[in-house]
Ligand SMILES: Cc1cc2nc3c(=O)[nH]c(=O)nc-3n(C[C@H](O)[C@H](O)[C@H](O)COP(=O)(O)OP(=O)(O)OC[C@H]3O[C@@H](n4cnc5c(N)ncnc54)[C@H](O)[C@@H]3O)c2cc1C
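Residue numbers (my numbering): 9 to 461.
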């Protein structure tokens, strides 16, 4: 049987970045994904815009993540990084999920990554303490794939859990953030909306001056409190959200709506997941009626698309060599083995009802994520990338954001390829060499480089 250098399980943004990085570092790579396209939560769940490549004015995310944005811009699938009109983060990065799907296939071809689609992870192939690959359910039956190194980028830590790695889920009571089904509305008159928000500036959370509220500048809208509260009071909407929240897409007449909310869900319980899909789709129809009837500029709105699957903010996390904490995030800590940086706040949507709690870093600062968060406490030759790395519930509420998971993917892929090429276990990898390679490949690790020089 052919044995790959690196097997990446899960083709979300973390897995894609991992596969590209591993292949560019010289490895023979196979990327396996359960759907017929790549991009995971960004495409299957249509989650965007990406937040955030910046800490204050400073771009702190580079590497493959920034390369993907530049390629999307060249394809007309993103305007690039734009000011966040809702003041939540410095910049947001809208993108078209359909163009992103196509781009990711291009990137796999260009970097020589092998692909296996429509293949569901079933079990880890164990060779004593080491993960030696995985078995997948495919249209042709079960298929075993062997590899020198395996990366779990499933977001749910399926491979790690199957290999016996300890995992955690949720807060102290095991509760996870709610799930949301994203949808896009087209045929929107953004100028009519902008005109309303110029007349009623207090109805939008924004530092944009009244005259600056134009159709073009409304990259994000959070508010419309009066319309929303009135609709709730009339019983027209039941969605447990405290405000109206939507974002511009690359297209002038379209917005993407992040408002549905299914609470009290265990995303790894098939019955809960089923209930969540059904409940959320009902909420989409309720919200469509609200937008059409009540929101200026939306009278002609149509559903352009709903996501293939409900977006899962949080599920299982591995316990790794280091567990990133809320203090690490909020105090903007640096680590000698840092492989990624982020400035996104800790942003916890209430697992049981309305409300979102936000804790911010000091303005302009960023925290770092150590390589050890990607290395499971037990199981050899396995690395983890993306949402399911080793963090607390609170830290995950920041590390889960897309620019960060792409950077973590690049780190895991590069590390897996270097470890396979040198026959050194991922656990014992020389992180100084890894960081040198990541910096050479555009990852922004300036702070730790300076702090630990
Ligand atoms: C509702 C919601 C709103 C969000 N808002 C934002 C936002 O505004 N901005 C932002 O930047 N981020 C946001 N996020 C966070 C971000 O989108 C995700 O955390 C991130 O995309 C996760 O990336 P990932 O690669 O780790 O996981 P995923 O993208 O989920 O990738 C996992 C991949 O593994 C595959 N997979 C899973 N199980 C198996 C299996 N058994 N066999 C084979 N393949 C498998 C999946 O199909 C998927 O492709 C939001 C998330 C949600 C859910």
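The C-beta atom is built at its ideal place from N, Cα and C for all residues, glycine as well. Predicted model only: the values in this text are computed from it and were never measured.
Item                                                                                                                                                                                        : Value
Look at the alpha carbon of residue 327 and the alpha carbon of residue 168, and state the distance between them as a whole number of angstroms.                                            : 10 Å
Excluding five sequence neighbours on each side, which residues of the same chain lie with their C-beta closer than 7 Å to the C-beta of residue 34?                                        : 425 and 429
Does the distance from the C-beta atom of residue 189 to that of residue 262 stay below 8 Å?                                                                                                : no
How far does the beta strand (DSSP E) with residue 339 in it extend, from its first residue to its last?                                                                                    : Neither: residue 339 is in no beta strand (DSSP E) and is coded neither H nor E.
Check whether the Cβ of residue 363 sits closer than 7 Å to any heavy atom of ligand 1, and report yes or no.                                                                               : no
Is residue 86 helix, strand or coil by DSSP?                                                                                                                                                : coil
For residue 113, is the beta carbon positioned less than 7 Å from some heavy atom of ligand 1?                                                                                              : no
Quick check: the Cα distance between residue 268 and residue 314, rounded to an integer number of angstroms?                                                                                : 11 Å
Suppose only complete runs of 4+ residues qualify. What are the alpha helix (DSSP H) ranges in the segment 220 to 297, listed by chain order?                                               : 233 to 241
Considering only residues of the segment 303 to 327, which uninterrupted beta strand (DSSP E) runs meet the minimum length of 3 residues and lie entirely inside it, listed in chain order? : 310 to 314 and 324 to 326
For residue 355, I'd like the list of residues in its chain whose CB is within less than 6 Å of its CB, leaving aside the five on either flank, ordered along the chain.                    : 366 and 405
Does the beta-carbon distance from residue 235 to residue 347 come in below 8 Å?                                                                                                            : no
Start and end of the alpha helix (DSSP H) containing residue 167?                                                                                                                           : 166 to 170
Quick check: does the Cβ of residue 358 come within less than 7 Å of any heavy atom belonging to ligand 1?                                                                                  : no
Under 7 Å: does the beta carbon of residue 375 sit that close to some heavy atom of ligand 1?                                                                                               : no
Kindly indicate which three-state DSSP category residue 129 falls into: helix, strand or coil?                                                                                              : strand
Check this for me: beta carbons of residue 384 and residue 90, under 8 Å apart or not?                                                                                                      : no
Looking at C-alpha atoms only, which residue of 148, 396, 252 and 455 is the closest neighbour of residue 5?                                                                                : Residue 5 cannot be examined here, being either before or after the span of the chain that is shown, 9 to 461.
Throw me the rounded Cβ distance for the residue 409 and residue 59 pair, which I believe falls under 8 Å.                                                                                  : 5 Å
By a C-beta neighbour count over all protein chains shown, 10 Å radius and 16 as the cutoff for buried, is residue 363 buried or exposed?                                                   : exposed
Spatial neighbours of residue 455 within its chain, please: C-beta separation below 6 Å, excluding the five flanking residues on both sides.                                                : 342
What residue range is occupied by the uninterrupted alpha helix (DSSP H) comprising residue 444?                                                                                            : 439 to 448
Kindly examine ligand 1 and report whether one of its heavy atoms sits closer than 7 Å to the Cβ of residue 41.                                                                             : yes
I'd like to know whether the C-beta of residue 145 is nearer than 8 Å to at least one C-beta of chain B.                                                                                    : Among the chains in the structure shown there is no chain B, since it carries only a single protein chain.
Since residue 337 and residue 22 should fall inside the 8 Å C-beta cutoff, what is the C-beta to C-beta distance between them, to a whole number of angstroms?                              : Residue 337 to residue 22, Cβ: 18 Å. No contact.
Report all residues from its chain with a CB closer than 7 Å to the CB of residue 233; omit the five preceding and five following residues, and keep chain order.                           : 211 and 251
Pick helix, strand or coil for residue 138, following the three-state DSSP scheme.                                                                                                          : strand
Assign residue 74 to one of three DSSP states: helix, strand, or coil.                                                                                                                      : helix
Alpha carbons only, please: which of 320, 345 and 402 is nearest the one belonging to residue 442?                                                                                          : 345
Roughly how far, in whole angstroms, is the beta-carbon of residue 26 from the beta-carbon of residue 421, given that I think they are within contact range, below 8 Å?                     : 4 Å
Should the segment 286 to 300 be called in touch with the segment 241 to 249, which here means at least 3 C-beta pairs below 8 Å?                                                           : yes
Can you check DSSP and say which residues form a bridge with residue 12?                                                                                                                    : 155
Taking only three categories from DSSP, how would you classify residue 66?                                                                                                                  : strand
Please classify residue 186 as buried or exposed, where buried requires at least 16 other C-beta atoms within 10 Å of its C-beta.                                                           : buried
Which residue from 423, 379, 101 and 322 puts its Cα closest to that of residue 400?                                                                                                        : 322
So, does the segment 112 to 119 touch the segment 128 to 135, judging by three or more C-beta pairs under 8 Å?                                                                              : no
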